[in-house]
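S.K.:
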Amino acid sequence: MFSIILSGGPVMIPICLCAVLATVIIIERLMFFASVKKGERDLLPRIKASIDKGHYDEAAAICDTVESPVARLMKTGISYRDYGEPEIKEAVTNQANREIPRLERYLSSLGTIANISTLLGLFGTVTGNIQAFGVLGNMGTMGNPAVLAAAIAEALVTTAAGLIVSIPAIVFYNYFIAEVNRMVTEMESSVSDLVILLAAGKKKA
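Heads up: the sequence shown runs through residues 155 to 359, numbered per the numbering used here.
(1) What did DSSP end up calling Arg259 once you bin it into helix, strand or coil?
(2) Three-state secondary structure (DSSP) at Pro164?
(3) Could you check where the alpha helix (DSSP H) with Gly231 kicks off and where it finishes?
(4) Using the Cα positions of Ile216 and Arg183, report the straight-line distance between them to the nearest angstrom.
(5) Work out the CA separation of Gln285 and Thr339 for me, nearest whole Å.
(6) Tell me where the alpha helix (DSSP H) around Asp236 begins and ends.
(7) So, are the CB atoms of Gly316 and Gly275 less than 9 angstroms apart?
(8) Closer than 8 angstroms is the cut-off here; do at least three beta carbon pairs connect the region 205-221 with the region 246-260?
(9) Can you say whether Gly163 is buried or exposed, counting buried as having 16 or more other CB atoms within 10 angstroms of its CB?
(10) How long is the line joining the alpha carbons of Pro199 and Leu227, rounded to whole angstroms?
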């Protein structure tokens, strides 16, 4: 395996670096989204139960136990419960705008890696073919078979390596973007649900 990587030439160094970075980002984001989903599973019912009882401090404390964007939105809304509905919505919307960059963290880097890996593979193909044609030009029609084979191997290995890095990066990038869009939709829905809960709590009070 290591010999195959070496046969790809110097271009394999940045491709391998891209592979390492993409792997780290993918693992980090998978763990992040998994933890968010786990924390939000029963968040709204617990908060609703506390607000129905008028225990707003308890509801805020529940939000503190969950590390997720929706929990922070809920806590913001609860802290603004004494204000009017427009003010609550504005405060929660502002918090949502601060949460979106956290959801999209490293995704632009992952998308860049996906594109760069393909281009690096193409670059290796070009340099390998240049070497191959150089061998043919310097040594006649057949050239030196060993040198010619090494040049062709460089072209093929870098192409394959670039695609091996790029394809999973693209797949996970699109998956994470879909997760971000889903969570943004959930946050918008949670804002509406929270405003209704707080309005109902005020009427009971």
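A virtual CB, placed ideally from N, CA and C, is assigned to each residue, including glycine.
M.R.: In this structure, then:
(1) Stepping through the sequence shown from its first residue, residue 259 is reached at position 105. DSSP places Arg259 in coil when its eight states are reduced to three.
(2) Start at 1 with the first residue of the sequence shown, and residue 164 comes out as number 10. Coil at Pro164, not helix or strand.
(3) For the purposes of this step, residue 231 is identified with residue 77 of the sequence shown, where counting begins at 1. First-last of the alpha helix (DSSP H) with Gly231: 223-233.
(4) For this step, residue 216 is matched to residue 62 along the sequence shown. For this step, residue 183 is matched to residue 29 along the sequence shown. Their Cα atoms are separated by approximately 24 angstroms.
(5) Counting from 1 along the sequence shown, the entry for residue 339 is found at position 185. Counting from 1 along the sequence shown, the entry for residue 285 is found at position 131. Straight across, the Cα-Cα distance linking Thr339 with Gln285 is about 53 angstroms.
(6) In the sequence shown, residue 236 corresponds to position 82, counting from 1. Where Asp236 is concerned, there is no enclosing alpha helix (DSSP H), given that its DSSP letter is neither H nor E.
(7) Looking up residue 316 in the sequence shown gives position 162. Looking up residue 275 in the sequence shown gives position 121. The Cβ-Cβ distance between Gly316 and Gly275 falls below 9 angstroms.
(8) Touching, no, given that fewer than three Cβ pairs across the two stretches are closer than 8 angstroms.
(9) Here residue 163 refers to the residue found at position 9 of the sequence shown. Buried is the call here.
(10) Locating residue 199 in the sequence shown gives position 45, where the first residue counts as 1. Locating residue 227 in the sequence shown gives position 73, where the first residue counts as 1. Approximately 15 angstroms, taken between the alpha carbons.
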